[in-house]
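Okay, structure first, notes after.
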Amino acid sequence: MKTNKPCPECKTIMELKKTTLHFEREEFYADVEDVSAYICPKCGTKSIPGKLAESIGNTVENLFKSARDAEETVEKDLSPSFSGISFHRTHALP
Ligand SMILES: [Zn+2]
Numbered sequence: 001m002k003t004n005k006p007c008p009e010c011k012t013i014m015e016l017k018k019t020t021l022h023f024e025r026e027e028f029y030a031d032v033e034d035v036s037a038y039i040c041p042k043c044g045t046k047s048i049p050g051k052l053a054e055s056i057g058n059t060v061e062n063l064f065k066s067a068r069d070a071e072e073t074v075e076k077d078l079s080p081s082f083s084g085i086s087f088h089r090t091h092a093l094p
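With this note's numbering, letter number 89 in the sequence shown gets 89, and the count goes up by one each step, no holes.
In structure tokens:
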């Protein structure tokens, strides 16, 4: 993998690190942890490789959609049906 990627903002060589991405849609939010990303050590700009950004985006969008569907299908007395979902790998990352 090419690692000498320059920052689009300040041209500093970016470092491959782990970061947390935060997404918000209406009444829900999702945090995706330990995402591999290029991060600029100077200005903090984050760049997620295209394929990874796409797969994370799809996962999160599906989650928001499922959560909304769950809200709409439960009886009024049971709503809100839940406050959040915790979703993790069973084995910790090295
Ligand atoms: Zn920068």
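All C-beta atoms in this analysis are idealised placements derived from N, C-alpha and C, irrespective of residue type, glycine included.
Give me the residue from the options with the minimum Cα distance to residue i.
i: lysine 11; options: His91, Glu24, Glu26 and Tyr38; result: Tyr38
i: phenylalanine 87; options: Glu72, Leu63, Arg68 and Thr73; result: Leu63
i: arginine 68; options: Ile48, Pro8 and Phe28; result: Phe28
i: isoleucine 48; options: Glu61, Thr90, Cys7 and Glu71; result: Cys7
Distance check for residue j and residue i, CA to CA, integer angstroms please.
i: glutamate 26; j: lysine 17; result: 29 Å
i: phenylalanine 23; j: glutamate 33; result: 11 Å
i: threonine 20; j: alanine 30; result: 10 Å
i: phenylalanine 82; j: asparagine 4; result: 44 Å
i: isoleucine 13; j: glycine 57; result: 25 Å
i: glutamate 54; j: glutamate 9; result: 22 Å
Measure from the C-beta of residue i to each C-beta in chain B and report whether the shortest distance is under 7 Å.
i: serine 47; result: Judged by its chain identifiers, the structure shown contains no chain B, having just a single protein chain.
Pop quiz: residue i and residue j are said to be a contact at Cβ under 8 Å. What is the actual Cβ separation, rounded to whole angstroms?
i: leucine 52; j: serine 66; result: Not quite, the Cβ-Cβ distance comes to about 21 Å (not below 8 Å), so this is no contact.
**Prompt:** Quick check: the segment 73-82 against the segment 39-46, are there 3 or more CB pairs under 8 Å?
**Reply:** Judged by Cβ distances under 8 Å, the segment 73-82 makes no contact with the segment 39-46, as fewer than three pairs qualify.
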